[in-house]
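Residue numbers (my numbering): 21 to 110.
Written out as C-alpha cells, the structure is:
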C-alpha cells in the first residue's frame, strides 16, 4: 500500500449516496464504531440539483480500516436507523 507524503495511509472510497445527510448519518455510525470517516459532498445544493451525477456524496475511510468499515456498512444497510430510533434515545 502506497503511503502519502506525510506517512499517513491513503483514504479509500467506501460508499456513495445521493444525499449529504445520508452520508453524514453513515459517517457518524462509522465514527461511533471506531472507524475514521469523511464525507466529500458533490451535491449541488446551490442550484437544487439533486439527481444523478450532480448529487453524489462519497464516504472515505483510511485504507487499513476498510475491511471493518465494509462490515459496518453491511450491518448499517441491513438495519438503517429510523426516526423512531432517534425519538427513543434519552
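In this text, a Cβ means the ideal position worked out from N, Cα and C, and glycines have one as well.
**Prompt:** Does the stretch 24-38 come close enough to the stretch 81-94 that 3 or more CB-CB pairs lie under 8 angstroms?
**Reply:** yes
**Asked** Which same chain residues, not among the five before or five after residue 79, have their C-beta less than 7 angstroms away from its C-beta?
**Response** Within the chain shown, residue 79 is the residue found at index 59, counting from 1. Here the set comprises 34, 35, 43, 46, 47, 57, 59.
**Message:** Among the candidates 41, 49, 97, 26, whose CA atom is the shortest distance from the CA of residue 81?
**Reply:** Within the chain shown, the letter at position 61 stands for residue 81. Among 41, 49, 97, 26, the Cα nearest to that of residue 81 belongs to 49.
**Prompt:** Under the three-state reduction of DSSP, which class applies to residue 39: helix, strand or coil?
**Reply:** As a working note, residue 39 is residue 19 in the chain shown. Here residue 39 sits in coil by DSSP.
**Message:** Quick check on DSSP: helix, strand or coil for residue 83?
**Reply:** Within the chain shown, residue 83 is the residue found at index 63, counting from 1. It is helical.
**Prompt:** Short check: CB of residue 85 to CB of residue 55, under 8 angstroms?
**Reply:** Locating residue 85 in the chain shown gives position 65, where the first residue counts as 1. Locating residue 55 in the chain shown gives position 35, where the first residue counts as 1. Yes; because the gap between Cβ atoms is below 8 angstroms, this pair is in contact.
**Item:** Range of the contiguous beta strand (DSSP E) that encloses residue 59
**Value:** Translated into positions along the chain shown, residue 59 becomes position 39. Run containing residue 59: 58-61, per the beta strand (DSSP E) assignment.
**Message:** Just verifying my parser: in three-state terms, what is the DSSP assignment at residue 5?
**Reply:** No information on residue 5 is available, as it lies outside the stretch 21 to 110 that the chain covers here.
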